[in-house]
Amino acid sequence: MAIVETNFKVDEMHAIITATSFAVVKAVQNINNCPPPSRIFQGSQAILDKMHQFFDTDSGNQHIYVLYGLGGAGKTQITLKLIEESSFSDVFLVDTSKVETIDTGLKSIAVSKTVGDSAQDALRWLQSNRNNWLVFFDNADDPKINLNDFLPKCNHGNIIITSRNPDLRSYGAHTLVSDMEEADAITLLLRRANTESSEENLKLASKIVKELYYLPLAIIQAGAFISKSEDLEGYLALYQSNRARLLSEKAAQSHDDYAQTVYTTWQISFDQLSHLAATLLQLCSFVHYAGISEDMFSAASKYEPGSLSPPREELQEPLEFLSHFVEPTGEWNSLKFLAVTNEIKAYSLISFDATAKLFSIHPLVHAWSRSTLPDEEPLQSCMSSILGMYITEIPDDEIELASVQLIPHIVLLKYATPDRVADFRWEILKIYYYTGKFKDAQAIAEQVVEKSRLLLGEDHQNTLWAMGDLAQTYWGLGEFQKAKELEVLVLEKHTDFLGEDHPHTLFAMGNLAQTYSNLGEFQKAMELQILVLEKRTKLLGEDHLDTLLAMGNLARTYYNLGELQKAKELEVLVLEKRTKSLGEDHPNTLSAMSDIARTYFSLGELEKAMELEVLVLEKRRKLLGADHPDTLRAMANLAATHYNLGDLNKALGLEVEVLQKRRQLLGDKHPHTILAMEDLVKTYQKLGKPEEMEELEQLIEDTKKSL
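Structure representation (structure tokens):
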């Protein structure tokens with residue numbers, strides 16, 4: 070028995086030695102004989118120029134260059150193109166995907182140079198040979214491999230490393246290889262599809278490469294399919310309904326040695342992730358691919374339900390996932406979260422913006438990661454709950470700015486998991502309201518009021534609060550009479566149950582005053598606003614944010630009543646105190662700045678007004694986005710100042726943009742849209758554009774008739 074066993078082991082060892090020898094022989098055949106670059110895709114010229122400059126410079130040190138990025142971005146092809154265009158004395162290609170293949174690649178160098186048969190022999194030869202050799206370490210993707218163990222330790226020679234792992238940047242000069250420029254992507258698609266570059270084909274190709282997010286391997290796969298089907302025009306619709314199948318399908322005839330498809334390339338990386346890292350990536354595939362923060366998860370872990378939010382016992386799945394990052398004390402462990410995100414980053418499946426502290430996922434990876442799930446619903450519901458839990462924990466004074474980042478996630482989940490989103494109606498209502506999506510906010514506010522009446526009763530404080538929120542959505546939609554009816558009722562009930570001095574009563578009073586102001590009932594508005602300001606000053610002090618809100622609202626009413634000096638005095642005070650407590654970039658500070666600018670405008674101090682308006686517009690664009698209602702208001706105010714200064718073309722450009730965006734966001738019947746039309750009519754008239762003016766006047770007339 071022992072003899073047989075020994076013979077078996079000898080045979081087994083012989084097989085291993087034979088296989089290893091064959092691998093070395095095969096690797097030797099590749100020495101100085103790298104495959105040529107693809108004739109279809111040859112990489113980014115900008116990156117090639119940068120690499121040529123790097124390797125052509127005699128620094129007296131070893132040249133190491135790292136190309137890193139997502140699988141399928143073209144790192145290997147860029148390197149092969151560089152090698153083809155260069156004149157290195159020797160080129161050695163080493164498959165760096167595994168320790169075994171690295172060892173085999175280095176052994177092949179030693180064998181080919183007849184200096185031995187081990188990896189160490191190869192490294193010694195490279196260290197002693199001062200010729201202009203290049204070692205190309207391709208596919209150094211495994212973060213568990215310490216590549217430094219396999220690099221020649223000398224101050225001469227050249228090394229290129231391609232990897233999905235951004236941590237390898239520390240080895241030398243480096244460039245992120247990401248998506249292609251649009252023109253290059255279109256050329257690549259049409260070339261691979263064997264299709265002529267007609268004007269019509271260029272337009273079709275532009276739409277296709279945009280849908281593929283300019284990723285080289287995805288474009289090559291699309292081109293291969295189009296080449297076979299000969300249907301460029303029909304590909305986009307086919308792709309949109311069959312994305313997973315098309316990105317998993319390998320072309321029968323390949324123009325390079327890349328054996329993987331887009332999806333199988335990423336699957337190889339995904340299979341290396343721990344269960345926790347894989348789950349985090351999959352969860353993130355159910356929110357928008359950009360603007361994902363650690364705060365979403367850390368704040369959600371501290372979730373305390375409100376009266377209309379789901380209790381913790383109904384949220385076992387999200388809480389169980391989050392528990393992996395929570396200490397027994399209940400504290401969030403950022404180091405654990407960082408370790409998991411770093412694991413995913415090591416394969417370039419996510420990226421991190423250190424300045425904004427936000428994660429993002431390539432849009433195609435984002436779509437692909439869902440396909441790794443046999444059933445999407447559990448994790449989709451889990452992520453929806455985490456987002457709702459997070460919103461619940463955002464402080465009131467931070468919710469407006471947070472809304473700008475959160476709205477893309479909310480919109481995506483609204484259609485994916487409407488039932489779970491409905492569990493957090495009140496939280497999501499705030500996001501819609503603060504981003505100017507008043508129709509969506511109204512629909513949810515009506516649901517919240519109905520649910521609150523059913524669960525808590527007509528007179529419960531949360532029901533009244535929900536009614537106040539619904540009134541605010543009517544205000545946003547320009548339906549001021551509807552808002553007034555609700556706000557009168559809310560104020561009466563708050564006064565009866567809580568008394569005139571309660572903060573909830575004062576909020577209701579302030580909201581009703583604002584609605585009176587919007588209805589042009591300025592005297593009624595002023596009486597209520599003076600009362601609110603007096604009570605808040607007494608109860609909270611002059612510097613409290615709620616007191617400053619009341620002060621700002623009263624200043625606006627003074628402005629509307631023509632008492633400009635009174636308005637200005639209050640506005641200066643509000644701006645000074647908000648800047649001190651909130652900072653210059655806070656939305657409430659910018660509102661105060663905008664109010665003073667408007668008063669300067671009415672006082673005829675146009676240059677002062679314009680200086681502030683330019684600053685407000687610039688900051689709102691940056692903080693809230695170009696389409697936010699407050700940004701459009703700032704744009705309209707600046708346009709009015711340009712108009713009065715005689716800069717009619719500047720005014721025209723801004724007014725056209727304001728009208729276009731308001732029609733899109735609010736509809737033609739909204740008072741702010743009609744106001745934008747009327748402003749533009751005046752500018753057309755001044756510029757002598759009668760046709761445009763008459764067309765817009767007709768639209769205004771038709772719109773007002775339909776109200």
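Letter by letter, the sequence shown follows residues 70 to 776 of this note's numbering.
Even for Gly, the Cβ is constructed at its ideal location relative to N, Cα and C.
Note that this is a predicted model, so its numbers are computed, not measured.
Starting from residue i, follow the alpha helix (DSSP H) in both directions and report where the run begins and ends.
i: Tyr712; result: Pro698 to Asn713
i: Ser663; result: Pro656 to Ser671
i: Ile147; result: Lys144 to Glu154
i: Leu245; result: Careful: Leu245 lies outside any alpha helix (DSSP H), inside the beta strand (DSSP E) at Ala242 to Leu245.
i: Phe123; result: Gln114 to Asp125
For residue i and residue j, what's the separation of their Cα atoms in angstroms?
i: Ser403; j: Thr410; result: 10 Å
i: Gln767; j: Glu761; result: 10 Å
i: Gly174; j: Lys167; result: 11 Å
i: Asp383; j: Glu299; result: Asp is not the amino acid found at residue 383; the sequence shown has Glu there. If you take the alpha carbons of Glu383 and Glu299, they lie about 53 Å apart.
i: Phe206; j: Ser310; result: 38 Å
i: Thr264; j: Gly360; result: 38 Å
i: Arg732; j: Ile277; result: 29 Å
i: Gly526; j: Tyr282; result: 51 Å
i: Ala678; j: Leu633; result: 14 Å
i: Thr330; j: Asp737; result: 48 Å
i: Asp528; j: Leu735; result: 32 Å
i: Thr165; j: Lys297; result: 34 Å
i: Ser671; j: Tyr628; result: 9 Å
i: Gly399; j: Lys405; result: 14 Å
i: Lys508; j: Lys551; result: 14 Å
What distance in whole Å lies between the Cβ atoms of residue j and residue i, which are believed to be in contact at a cut-off of 8 Å?
i: Gln351; j: Leu245; result: Their Cβ separation, rounded to whole angstroms, is 24 Å, which puts Gln351 and Leu245 out of contact at 8 Å.
i: Ser370; j: Val395; result: 5 Å
i: Leu257; j: Ile288; result: 5 Å
i: His741; j: Thr504; result: Incorrect: roughly 16 Å between the Cβ atoms, too far for contact.
i: Ala242; j: Phe339; result: About 29 Å; that fails the 8 Å criterion.
i: Pro447; j: Glu386; result: 7 Å
i: Ser440; j: Ala313; result: 5 Å
i: Ile513; j: Leu475; result: Contact doesn't hold; Cβ gap of about 14 Å is too wide.
Using DSSP with H/G/I as helix, E/B as strand and the rest coil, what is residue i?
i: Trp401; result: strand
i: Val356; result: coil
i: Asp300; result: coil
i: Lys95; result: Reliability fails at Lys95, whose pLDDT of 45 lies under 50, so the model's placement of it is uncertain and the value that follows must be treated cautiously. Helix at Lys95.
i: Asn201; result: coil
i: Thr772; result: helix
i: Phe161; result: strand
i: Asp492; result: helix
i: Leu220; result: coil
i: Thr231; result: strand
i: Val278; result: helix
i: Gln767; result: helix
i: Ser266; result: coil
I'd like to know whether the C-beta atoms of residue i and residue j end up nearer to each other than 8 Å.
i: Ser660; j: Asp612; result: no
i: Ala705; j: Val727; result: yes
i: Asp159; j: Trp202; result: yes
i: Tyr372; j: Met249; result: no
i: Lys150; j: Pro106; result: yes
i: Ala274; j: Leu259; result: yes
i: Glu561; j: Leu539; result: no
i: Arg261; j: Leu139; result: no
i: Lys604; j: Leu575; result: yes
i: Val473; j: Leu693; result: yes
i: Asp210; j: Tyr416; result: yes
i: Trp781; j: Tyr502; result: Lying outside 70 to 776, the shown extent of the chain, residue 781 is not represented and no answer is given.
i: Leu286; j: Thr231; result: no
i: Gly185; j: Gly143; result: no
i: Ala708; j: Glu724; result: yes
i: Gly547; j: Asn580; result: no
i: Leu675; j: Asn713; result: yes
i: Met578; j: Leu456; result: no
i: Trp495; j: Val518; result: no
i: Thr668; j: Lys637; result: yes
i: Gln196; j: Lys222; result: yes
For residue i, report the span of its beta strand (DSSP E) as first-last.
i: His741; result: No beta strand (DSSP E) contains His741, which is instead part of the alpha helix (DSSP H) from Pro740 to Lys755.
i: Leu136; result: His132 to Tyr137
i: Asn587; result: Unbroken run through Asn587 is the alpha helix (DSSP H), Pro572 to Asn587; no beta strand (DSSP E).
i: Asp422; result: Ser420 to Asp422
i: Leu427; result: Leu427 to Ser429
For chain C, check one thing: does any of its Cβ atoms lie closer than 8 Å to the Cβ of residue i?
i: Leu642; result: Going by chain labels, chain C is absent from the structure shown, which holds only one protein chain.
Any heavy atom of the ligand COA closer than 7 Å to the CB of residue i?
i: Asp164; result: Although the ligand COA was asked about, the structure shown includes no ligands whatsoever.
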